[in-house]
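Asker: In my numbering, the protein residues as written are 1 to 176.
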Ligand code: AMP
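Here you go:
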């Protein structure tokens, strides 16, 4: 597992979605079964002994990794979505983006009270979205003992906003 170079399977797209941003694209992982399997197997190895009761993932790319992980681990998947997408009663949280505000939601009935939820996304940048997601899960009565991302951009200081929750990622990049 350690000899596998995940970097080879992450497409870097300059100036997307706007000038100055280097976009780390995980669709090239999905297109390579060996790379996709490496990610899911790594997640299972990391969390199989950590008493995780459910996985919560952020729309939309987080779902792609959380779904096979949840099936393999035989645990529930809790989708966290942008405002207005979930039809049932929701818990929601507004948070700040660079120039705007965003809002995410989760179905209140799907948040298991007192249970340990692994929270994840494909990529952790500022950590703002995961922070808001952690807040709605804990407001719903769950615990978030671990946060996971496939890709991490630590120079954006997500560790500060997400402390004290332990964060694990498979690959880190140090510039944008
Ligand atoms: P953040 O809340 O800043 O941690 O990032 C929120 C979302 O933006 C994550 O779900 C990432 O998928 C996406 N994102 C932010 N920056 C990048 C980037 N440089 N490349 C790819 N995705 C990004």
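Glycine included, C-beta positions come from ideal geometry on N, C-alpha and C.
1. Per DSSP, residue 134 is paired with what?
2. State buried or exposed for residue 62, treating a residue as buried only when at least 16 other CB atoms are found within 10 Å of its CB.
3. Hey, is residue 153 close to the ligand GTP, as in C-beta under 7 Å from one of its heavy atoms?
4. For the ligand AMP, is there any heavy atom lying closer than 7 Å to the beta carbon of residue 126?
5. Can you list, in chain order, the residues of its chain with a C-beta nearer than 8 Å to that of residue 86? Leave out the 5 residues immediately preceding and following it.
6. Closest by CA to residue 21, which one among 148, 98, 68?
7. Measure the CB-CB distance between residue 103 and residue 81 and report whether it falls below 8 Å.
8. Please indicate yes or no: does the CB of residue 63 lie closer than 7 Å to some heavy atom of the ligand AMP?
9. Of the residues 151, 124, 173, which one's Cα is nearest the Cα of residue 162?
10. If you count every other CB in all the chains shown that lies within 10 Å of the CB of residue 55, and 16 or more means buried, which is it?
11. What would DSSP say about residue 9, mapped onto helix, strand or coil?
12. Less than 7 Å separating the Cβ of residue 23 from some heavy atom of the ligand AMP?
13. Look at residue 26 and residue 72 and say whether their C-beta atoms are less than 8 Å apart.
14. Tell me whether the beta-carbon of residue 137 lies closer than 8 Å to the beta-carbon of residue 117.
Answerer: Considering the structure as presented:
1. If you number the chain shown from 1, residue 134 lands on position 134. None; residue 134 has no bridge partner.
2. If you number the chain shown from 1, residue 62 lands on position 62. Result: buried.
3. With respect to the ligand GTP, the structure shown offers nothing to examine, as its ligands consist of the ligand AMP.
4. The count along the chain shown starts at 1 and reaches residue 126 at position 126. Yes, since a heavy atom of the ligand AMP falls inside the 7 Å radius drawn around the Cβ of residue 126.
5. Residue numbering aside, residue 86 sits at position 86 when the chain shown is read from its first letter. Excluding sequence neighbours, residue 86 sits near 79, 105, 106, 107.
6. The sequence position of residue 21 within the chain shown is 21, counting from 1. Per the Cα distances, 98.
7. Taking the first residue of the chain shown as position 1, residue 103 is located at position 103. Taking the first residue of the chain shown as position 1, residue 81 is located at position 81. Not in contact: residue 103 and residue 81 (Cβ atoms no closer than 8 Å).
8. As a working mapping, residue 63 is identified with position 63 in the chain shown. For the ligand AMP, not one heavy atom lies less than 7 Å from the Cβ of residue 63.
9. By one-based count along the chain shown, residue 162 stands at place 162. Closest option to residue 162, Cα to Cα, is 124.
10. Translated into positions along the chain shown, residue 55 becomes position 55. Residue 55 comes out buried.
11. On the chain shown, residue 9 is found 9 positions in, with the first residue counted as 1. Looking at residue 9 - three-state DSSP - the assignment turns out to be helix.
12. Working through the chain shown from its first residue, we reach residue 23 at position 23. Indeed, a heavy atom of the ligand AMP lies less than 7 Å from the Cβ.
13. Taking the chain shown and counting its residues from 1, one reaches residue 26 at position 26. Taking the chain shown and counting its residues from 1, one reaches residue 72 at position 72. For residue 26 and residue 72, no; Cβs fall outside 8 Å.
14. Position 137 of the chain shown, counting from 1, holds the residue named residue 137. Position 117 of the chain shown, counting from 1, holds the residue named residue 117. Against a cut-off of 8 Å, the Cβ pair of residue 117 and residue 137 comes out as a contact.
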